[in-house]
Structure formats: C-alpha cells, structure tokens
Amino acid sequence: MKKPIIGITMGDPAGNGSEISVKALSRSEIYEQCRPVIIGDAACMEEAVKIAGKEGQIKIHAINDIKAAKFEYGTIDVYDMNLVNMDRHIFGKVSKMCGEAAFQYVVKVIELAQSGEIDATVTNALNKEAINMAGHHYSGHTEIYAEYTHTDKYTMMLAHEDLRVVHVSTHVSLRQACDKVKKDRVLEVIRIANDACKAIGIENPKIGVAGLNPHCGENGLFGTEEIEEIQPAIDEAMAEGINIPEKKPTPPDSIFSKAIGGWYDIVVAMYHDQGHIPLKVKGFVYNKELKKWDAVAGVNVTLGIPVIRVSVDHGTGFDLAGKGESNELSLVNSIDYATKLAVNKK
5 MKKPIIGITM GDPAGNGSEI SVKALSRSEI YEQCRPVIIG DAACMEEAVK
55 IAGKEGQIKI HAINDIKAAK FEYGTIDVYD MNLVNMDRHI FGKVSKMCGE
105 AAFQYVVKVI ELAQSGEIDA TVTNALNKEA INMAGHHYSG HTEIYAEYTH
155 TDKYTMMLAH EDLRVVHVST HVSLRQACDK VKKDRVLEVI RIANDACKAI
205 GIENPKIGVA GLNPHCGENG LFGTEEIEEI QPAIDEAMAE GINIPEKKPT
255 PPDSIFSKAI GGWYDIVVAM YHDQGHIPLK VKGFVYNKEL KKWDAVAGVN
305 VTLGIPVIRV SVDHGTGFDL AGKGESNELS LVNSIDYATK LAVNKK
C-alpha cells in the first residue's frame, strides 16, 4: 500500500503554525509513515525555516498541483496559495489578511480531500477573530468542515495516548450545553464514538458515558438529565450491541481516571470543558523551573464528516510566534493519527 498523502494547513500566518510545521517535518519518521504536504504560503514557510533554525537542512518546494510534490525528507512540499503580503505580515497580530489566508487554506485542503488528491487532512490553529474579521463567520474549523462537506451530524474527539473523549456539545455557553443533553444527541455521539474507535483498529470498543451533574444527579437530587436523557440513550445503544461496560452514566469526577486506567477506550463527555480539561491536564506539561512547555500534546479529530480531519489541540501561539520556541509535538501526534485513520480507511 502506498503511504497516504496528508494535507496539512499552515494555520493563521501570524501564529506559530508555519514554525511547528517545519519542526514536525524535520523528523524523518514522518516521511517513513506518510507523504505530507503543507497547504499555505511558501514565503511564510521559507521564513519559518529560518525561525526554526533549519537553514541548510530543510528546503521549501512550492507547488500548485499535488502531483508535483516530491515527498522527500529534507524538502517540504508547499501547495502555495500566495495569499500573504510579507511586507504587511506581523507575527502575533490579528489581521483580516491572515484570517482570509487561514480560511482559504482550510477550504483548499477540504477540496483536495473531497477530490481524492489527498487521503487525510491535518489543521494547524486558526484565529476565530481573524477569520470573522475577513467575513467568514464560523466559530472554528469544525463548523467550516461541516458546511463544506454538507454534514449535519458530527462531533469532536480529543485524544492523547490512550485517553479519548468525544463531546455531546462543544462551542456553546455552559447554560446552552446543559439544554443540549438530549437522548437523541447522546445516542448519536455514542454511535460516533464506537465507529471512531473501530476506525483506528479497536475491534470491540469499551465506551464510558459521563453524567452531566455531580454524582450523576444522585437519583434526581441534583438534576434529572441522567434519568430522563442519558440512561435511555445508553439503553438503546446497548440494545444495538454497543459495549458500555458500566451500563449507566459514570460520575464525571471519576470517569477520566478510569479511562486512563484502561476501563474505557473512549469517553462520551457532555460538554466542552468536561472533556477538554482532563485531556489538557494530561497532555499539556509546563516546566515551572524552566518556565516553558515541555509538552503540548493531544489531537482533535472531527468525527462524522466524509473526510479525515485531525487538528492540533492548541491555539495559534501568538505569544510565541516568530521566536523559535514553539513545541511541535501536538502536530506530530496529529499527523500520526491522520495517517492511522487513512490507512485503516483504505
């Protein structure tokens, strides 16, 4: 089997996406498992080679057709969109120009995936304020992918090592998130979680379903969502043959420790922070003595859409952009995950 072609968006040009792309693709093992290509601006990537201290080691190869890519270690293929005026380019600053560029990189990578020219997509971070400033009113990558792939039923999966989390709701207020815990949506996400695990090679996934309320509502004392919405979804999922070992919602304050301990292959979280906080506590490691991040790990996978999309699980790094200090581990993990999904899909 040919190694899958992985399209990687450069992210917001004012952020650190170009730098971490250079650092990630400076690892020879990436080229041993896949054929990567950056969707972005060649001029930004040339600058990133200098920032990352890779002059003389890494060359940028600008292309306007995937067929022209070399896929050779030591050369980074860049599908050159030529959208950034380098005379106006400023690291760490929100701008309409960079928002427009970041948005168009995403649209292009989706187009390439839908046409079969690439096998999977990986996204570096974009800035929501910048893309909205450019006139594209989306709350993030996931919503762009959903619209451009004409998908209604989708969710986000976060993963770091063997801890995986999917969400019933994501980018809504906490008040709205509680209202979105409905039986049909919980069941839909349990099904998506089950399919996601199978897509990465887990034959009989064990799924944990978090409660919404403290102690899962304590039989209605602290809320009734577990009784009225979550349990009926679990019952129906189990009737379909989905493996939910505990057969009931699990208290949110213990479910993630159990998942890390191997009780589950994936956890269904009820809202954004319920799932994000444990992932980032595990994957983001700050060295307080050196005052720097030792690791910024973890990936974000959009499930339910017809193309493979994996993203770094961090922001644009505006405070670090242009300094050569950014950590590429999350991008490396994202490429690994996208490759695994692409190979299993084939």
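For what it's worth, this note's numbering labels the leading residue of the sequence shown as 5, then goes sequentially. Idealized CB from N, CA, C, for every residue including glycine.
*For the region 167-175 and the region 274-286, state whether three or more C-beta atom pairs, one from each stretch, are separated by less than 8 Å.*
Three or more pairs of CB atoms, one per stretch, sit closer than 8 Å, so the region 167-175 contacts the region 274-286.
*Touching or not, the region 38-49 and the region 72-90, by the rule of three or more beta carbon pairs under 8 Å?*
yes
*Using the DSSP secondary-structure output, state which residues sit across from Asp-84 in a beta bridge.*
Gly-44
*Decide if Asn-131 is buried, meaning its Cβ has at least 16 other Cβ atoms within 10 Å, or exposed.*
Taking all protein chains in view, the Cβ of Asn-131 is crowded by 16 or more other Cβ atoms within 10 Å, so the residue is classified as buried.
*asked:* If the criterion is Cβ atoms closer than 7 Å, does the pair Ile-10 and Ser-25 meet it?
replied: no
*asked:* Is it buried or exposed, His-164, if we count other Cβ atoms within 10 angstroms and call 16 or more buried?
replied: buried
_Buried or exposed, going by whether 16 or more other CB atoms sit within 10 Å of the CB of Asn-92?_
The sequence given here has Arg at residue 92, not Asn. Counting the other Cβ atoms within 10 Å of the Cβ of Arg-92 gives fewer than 16, which makes it exposed.
*Check whether the Cβ of Gly-224 lies closer than 7 Å to any Cβ atom in chain D.*
In the displayed structure, chain D is absent; only one protein chain is listed.
*Output the distance between the C-alpha atoms of Ala-66 and Thr-79, rounded to the nearest integer angstrom.*
Distance from the CA of Ala-66 to the CA of Thr-79, rounded to the nearest whole angstrom, comes to 10 Å.
*Who are Tyr-290's beta bridge partners in DSSP?*
Its beta-bridge partners are Trp-297.
*Within 10 angstroms of its Cβ, does Glu-23 collect 16 or more other Cβ (buried), or is it exposed?*
buried
*Locate the alpha helix (DSSP H) running through Lys-27, then write down its first and last residues.*
21-28
_Integer Cβ distance of Gly-205 from Ala-263, believed to fall under 8 Å_ = Actually they do not touch by this definition, with Cβ atoms about 18 Å apart.
*Where does Thr-289 land, buried or exposed, given buried means 16+ other C-beta within 10 angstroms?*
Correcting the residue identity first, residue 289 is Val in this sequence and not Thr. That one is exposed.
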